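Asks: For reference, the structure I am asking about is given below.
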Amino acid sequence: MIVPVTFHIPGALREFTGGRSKVQIENSPATLSDALSALWTLCPGLRDRITNEQGQVREHINIFIGDENVRYTGGLASPVSPGSEISIVPAVSGGGANRAMPRKHHVNSFREGHGF
Amino acid sequence: MGVVYRAHDDVLHRDVAVKVVSKDARLDSSASQRLLHEARSSSSLSHPNICTIHDVGETDGELYIVMELVEGKSLRDLSGDAGLPPESVLRYGIQIASALARAHDRGIVHRDLKPANIVVTSDGLVKVLDFGLAKQVGSGIFEGPTRSFASIEDASSVSGTLPYMAPEILRGDAADYRSDLWALGVVLYEAASGRLPFKGRTGFEISTAIMREIPKPVGSPVPPGLWAIIQRCLAKEPAQRYQRAGEIQAALEAVQSGAIVSPDLATGASPPRTTVLHSLRHAQVKKGDFLLLVGTTKGAFILRSNAQRRRWDIGGPYFHGHSVYAMAYDDREGQHRIWASTSSYWGTLLRSSDDFGKSWTNPQQAPIRFPPDTGVSVKNIWQIALGRPEEPNVLYCGVEPAALFETRNGGETWSLVRGLFDHPHRPRWVPGNGGLALHTILLDPANTQRMYVAISSGGVYSTKDGGSTWTPQNRGIRALFLPDKYPEFGQCVHKIAMHPARPERLFLQNHWGLYRSDNAAESWTDIANGVPSDFGFAMITHPTNPDCVYIIPVESDEFRCACDGRLRVYRTRNAGESWEPLPRGLPQKRAYETVLRDAIAADSFDPAGIYFGTRSGQLFGSRDEGRTWQKILEGLPAVVCVRSAVFEDASVPSQPTLSKSTPSPSSRSKSHSTRSSHSTKTRKR
Chain A
16 MIVPVTFHIP
26 GALREFTGGR
36 SKVQIENSPA
46 TLSDALSALW
56 TLCPGLRDRI
66 TNEQGQVREH
76 INIFIGDENV
86 RYTGGLASPV
96 SPGSEISIVP
106 AVSGGGANRA
116 MPRKHHVNSF
126 REGHGF
Chain B
657 MGVVYRAHDD
667 VLHRDVAVKV
677 VSKDARLDSS
687 ASQRLLHEAR
697 SSSSLSHPNI
707 CTIHDVGETD
717 GELYIVMELV
727 EGKSLRDLSG
737 DAGLPPESVL
747 RYGIQIASAL
757 ARAHDRGIVH
767 RDLKPANIVV
777 TSDGLVKVLD
787 FGLAKQVGSG
797 IFEGPTRSFA
807 SIEDASSVSG
817 TLPYMAPEIL
827 RGDAADYRSD
837 LWALGVVLYE
847 AASGRLPFKG
857 RTGFEISTAI
867 MREIPKPVGS
877 PVPPGLWAII
887 QRCLAKEPAQ
897 RYQRAGEIQA
907 ALEAVQSGAI
917 VSPDLATGAS
927 PPRTTVLHSL
937 RHAQVKKGDF
947 LLLVGTTKGA
957 FILRSNAQRR
967 RWDIGGPYFH
977 GHSVYAMAYD
987 DREGQHRIWA
997 STSSYWGTLL
1007 RSSDDFGKSW
1017 TNPQQAPIRF
1027 PPDTGVSVKN
1037 IWQIALGRPE
1047 EPNVLYCGVE
1057 PAALFETRNG
1067 GETWSLVRGL
1077 FDHPHRPRWV
1087 PGNGGLALHT
1097 ILLDPANTQR
1107 MYVAISSGGV
1117 YSTKDGGSTW
1127 TPQNRGIRAL
1137 FLPDKYPEFG
1147 QCVHKIAMHP
1157 ARPERLFLQN
1167 HWGLYRSDNA
1177 AESWTDIANG
1187 VPSDFGFAMI
1197 THPTNPDCVY
1207 IIPVESDEFR
1217 CACDGRLRVY
1227 RTRNAGESWE
1237 PLPRGLPQKR
1247 AYETVLRDAI
1257 AADSFDPAGI
1267 YFGTRSGQLF
1277 GSRDEGRTWQ
1287 KILEGLPAVV
1297 CVRSAVFEDA
1307 SVPSQPTLSK
1317 STPSPSSRSK
1327 SHSTRSSHST
1337 KTRKR
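Protein chains in written order, with the numbering used here: chain A, 16 to 131; chain B, 657 to 1341.
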């Protein structure tokens, strides 16, 4: 029996999942990249929201497999196990994981760019 | 071509189907051999979803094919006019794809896949019939002949397969595996919706639709994943489709498993091509109304008024929480479309609304995207510029990182302007404080091959050949932050402006410096005569007076606020020989305001109205060309873009354009209403 992999979808993206907060896939992805490919097939509108046109996860979005931020576990090549819980989280709530910035600075950096 | 009989095999005691090609078909010997050859090759296919061929032969000059007898209903009959439930489409589609995958692995292309050739038995098993037209790929036989439209018409009327033919077959190319994948897309579409994706009354119309049209969405309850698969099967170019039937099978299985595990996906999620905003307040726009489009760092607002411009209805915020750096109003060809760029953690999109904000496009795939070979991705869209009036389907976008995109089909597809992106200077452009942005696009109305762009920090570049080649145009412009104060390029230009009546003359607000060029940007002259600071961002030309320019200086690059805490617009009416402050009605104490480069616009009335928004979220307007100002609104998020527009009454006849009121591409990009006034008539209050 295949144990599905579950994606947790943030509210801002649920218009692309029929309103669902969870999307499950059953085709045994080996890596995050495989799992995301299956997710794109189910919900095509998610692709450009989560990755840029070069296929990289957007700068201010973090993906967690379980409790692990994939930026530290191999990025898109991070292994996915049957039953994995994958969370897609905008970095606004905690600062970009690739920038050791507290939240305040993070938000400010977003706003400061507008003056120029 | 033949007759099918139900027969009984006395040796193996089984019912079979016998297809007999009658003598009347008058196949010559080569055609007979070809048919036999194909039938034999197909007989090698053993797959639960392929109707098995037991025997082929010839007797008394008649060819016959003995096949597995399949009892059931054709997919055509099952689909009916309403289509099948998505679960059934997925279940059957997986089996058809599996059959094709096996055939393709053996080098056999079906060539005639259609619902009439697909039978579903009573227990739900799919059988793909009639590989009789299949072609042994690579053997050289039965190469697809070049088809004329006449023969296609004929093929349509005889076999009814035209609606399933791939574009490349209609172009006269030989069918390959991918033509079957196209046909599978048509089959899935029809099974899901009960209708064909490409229709017409004649073969010619059908062919034209296949070659050119994008199929309409199948709509709910088809899950978005299935629709995405169908769309990819129906890509006009074979290279854009799936490349193997096995991929389609896997994709359908993924949707099937998802649809089962997440049942709501299959019922509630048609692709959100358009977002309808029910919970927001909208401005109720009528013909003749005046609009201000206000982009902020946290959404867009649409302000409506009439010609008096005293009372305002406010719609929005649209794109709640997204920054909207660029907006534009496009009424070319009778449309009334608002364009907006939106940027957030979830990426940057170009969207449009044809109903003044009640609904907006919400493309699944970002329309403006760098090609894979560039290695870069769009961070923001800083400018939306309409093409010239005679090019109603042309628009341009300036983006960050600095690049220019253009569309020639009204925004359906966008392409990177390679001539600029591949410029050898590009690697040496550096980001300013706000990033490396191409933020201004000016079109020369008199010379359709000439346009200008401004890049911070790269400088001004122009093309004289419609965008193929670009030249830096920065002679005389200072770059105080570089060792060479007058470099060929690399200046941090904040804004350029042009009046269409004088397209050879441009004005420029630099990162320190205020300039004018009288020779199409070949060289620039300092015109900072009597301004409190030559640092600033915003700059527009007056809609009708080519000698009149408005700017809003700020104190310095360190302190980007109104000089001395006094918010003042400055105006020249002699092309920069002198400047006058326009403070009446604006806060003159502790007003440490900043007005950003696109946060100013003019309208089409006479006298002209001027509008600007501040980084603190205040919106000011003047109905007398800047002599006096009123606050329109406060409490907005930081304003980054202001555009004006008039919802023209189509019944008002256009007036001939006067030379002094030729539409301004720069103004168009900033303020549609500027062009409106020119293309109709100047409005008197």
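All C-beta atoms, glycine included, are put in the ideal place defined by N, C-alpha and C.
For clarity, every value in this text was computed on a predicted model and none was experimentally measured.
Closest to A:T32 by CA distance: which of A:G70, A:W55, A:T46 is it?
Replies: Of the listed residues, the one whose Cα sits closest to A:T32 is A:W55.
Asks: Could you spell out the range, first to last residue, of the alpha helix (DSSP H) harbouring B:H760?
Replies: From DSSP, the alpha helix (DSSP H) with B:H760 extends over 742–761.
Asks: Tell me, please, which residues DSSP counts as bridged to B:G736.
Replies: BP columns for B:G736 are empty, so no partner.
Asks: Can you confirm whether B:M1137, when its beta carbon is compared against all beta carbons of chain A, has any partner nearer than 8 Å?
Replies: In the sequence as displayed, the identity of residue 1137 of chain B is Phe instead of Met. B:F1137 does not count as touching chain A.
Asks: Looking at C-alpha atoms only, which residue of B:A1264, B:Y1248, B:A1258 is the closest neighbour of B:S1272?
Replies: Selected option, being the one with the closest Cα: B:Y1248.
Asks: B:W1070 touches chain A at which residues, Cβ-Cβ below 8 Å?
Replies: Going along chain A, no residue has its Cβ under 8 Å from B:W1070, so there is no contact; the nearest lies around 12 Å.
Asks: Using the DSSP secondary-structure output, state which residues sit across from B:P1237 in a beta bridge.
Replies: Note: B:P1237 sits in a beta bridge opposite B:Y1226.
Asks: Can you pull the chain B neighbours of A:R73, defined as C-beta to C-beta under 9 Å?
Replies: Those are Y1001, W1002, G1003, S1033, listed as they occur along chain B.
Asks: Based on the DSSP secondary-structure assignment, which residues constitute the bridge partners of B:Y1108?
Replies: Partner(s): B:L1098, B:S1118.
Asks: Using a Cβ cut-off of 7 Å, which residues of the region 963–977 of chain B contact any Cβ in chain A, in chain order?
Replies: The residues in question: there are none.
Asks: Could you check where the alpha helix (DSSP H) with B:F1268 kicks off and where it finishes?
Replies: Premise fails: B:F1268 lies in the beta strand (DSSP E), 1266–1269, not in any alpha helix (DSSP H).
Asks: Using a Cβ-Cβ cut-off of 7 Å (strictly less than) and excluding sequence neighbours within five positions of B:G713, which residues of its own chain qualify?
Replies: So the qualifying residues of the chain are Y720.
Asks: Cutting at 7 Å between CB atoms, please list the residues of its own chain near B:Q1165, excluding the five before and the five after it.
Replies: Closer than 7 Å at Cβ, skipping near neighbours: H1150, K1151, G1192, F1193, M1195, I1207.
Asks: Taking 8 Å as the cut-off, does the region 1034–1042 of chain B touch the region 1069–1082 of chain B (at least 3 CB pairs, one atom from each stretch)?
Replies: In short, these stretches do not touch, since the Cβ pair count stays below three.
Asks: Is DSSP giving A:Q144 helix, strand or coil here?
Replies: Absent from the model: residue 144 of chain A. The displayed extent of chain A is 16 to 131, so no value can be given.
Asks: Determine which residues share a DSSP beta bridge with B:S1300 and list them.
Replies: According to DSSP, B:S1300 bridges with B:L948.
Asks: Evaluate B:K1245 with the Cβ neighbour count: other Cβ atoms within 10 Å of its Cβ, from every protein chain shown; 16 or more gives buried, anything less gives exposed.
Replies: B:K1245 comes out exposed.
Asks: Taking 8 Å as the CB-CB limit, is A:H129 close to chain B?
Replies: At A:H129 the pLDDT is 30, less than 50, meaning the model places this residue with poor confidence; the figure from the coordinates comes in the next sentence. Answer yes: the Cβ-Cβ gap between A:H129 and chain B drops below 8 Å somewhere.
Asks: Note the first and the last residue of the continuous beta strand (DSSP E) segment covering B:Y1171.
Replies: Run containing B:Y1171: 1170–1173, per the beta strand (DSSP E) assignment.
Asks: For A:R64 and chain B, any beta-carbon pair shorter than 8 Å?
Replies: It does; some Cβ of chain B falls within 8 Å.
Asks: Determine the contact status of B:I885 and B:V843, defining contact as a CB-CB distance below 8 Å.
Replies: Against a cut-off of 8 Å, the Cβ pair of B:V843 and B:I885 comes out as no contact.
Asks: Please name the residues in the region 878–895 of chain B whose beta-carbon is closer than 9 Å to at least one beta-carbon of chain A, in chain order.
Replies: Under the 9 Å Cβ criterion, the region 878–895 of chain B contributes P879, P880, G881, W883, A884, I885, Q887.
Asks: Quick one: measure Cβ to Cβ for B:A891 and B:R897, integer angstroms, because I've assumed they're closer than 8 Å.
Replies: The Cβ separation is near 5 Å, so the contact holds.
Asks: Could you name the residues of the same chain whose beta carbon sits closer than 6 Å to that of A:R64, not counting the 5 residues immediately before and after it, in chain order?
Replies: Once the five neighbours on either side are set aside, the close Cβ partners of A:R64 are L28.
Asks: Can you have a look at B:D666 and say buried or exposed, based on whether 16 or more other CB atoms are within 10 angstroms of its CB?
Replies: Classification of B:D666: exposed, given that the 10 Å Cβ count is below 16.
Asks: A:I17: buried (16+ other C-beta within 10 angstroms of its C-beta) or exposed?
Replies: Under this definition A:I17 is an exposed residue.
Asks: According to the Cβ coordinates, are B:Y833 and B:V765 closer than 8 Å?
Replies: Yes, the Cβ-Cβ distance between B:Y833 and B:V765 is below 8 Å.
Asks: Are the region 1126–1138 of chain B and the region 1061–1070 of chain B touching by the rule of at least three beta carbon pairs closer than 8 Å?
Replies: No, they do not touch.
Asks: Let me make sure I understand the geometry here. Which of B:A1135, B:A1102, B:G972 has the alpha-carbon closest to that of B:K1120?
Replies: Comparing Cα-Cα distances from B:K1120 to each of B:A1135, B:A1102, B:G972, the minimum goes to B:A1102.
Asks: Say whether chain B places a C-beta atom closer than 8 Å to the C-beta of A:T46.
Replies: No, A:T46 lies away from the interface with chain B (no Cβ there is under 8 Å from its Cβ).
Asks: Starting from B:Y845 and walking both ways along the alpha helix (DSSP H), at which residues does that stretch end?
Replies: Start and end: 833–849.
Asks: Grab the span of the alpha helix (DSSP H) containing B:G881 for me, first residue to last.
Replies: Run containing B:G881: 880–889, per the alpha helix (DSSP H) assignment.
Asks: Counting C-beta neighbours from all protein chains within 10 Å, is the total for B:R1025 16 or more, i.e. buried, or is it exposed?
Replies: Per the 10 Å Cβ criterion, buried.
Asks: Grouping DSSP H, G and I as helix and E and B as strand, with all else coil, what is B:V667?
Replies: Three-state DSSP puts B:V667 in coil, outside helix and strand.
Asks: If I follow the unbroken alpha helix (DSSP H) through A:L51, where does it start and stop?
Replies: Looking at the DSSP string, the run of the alpha helix (DSSP H) that includes A:L51 is 47–57.
Asks: Would DSSP call A:I65 helix, strand or coil?
Replies: Note: A:I65 maps to helix in three-state DSSP.
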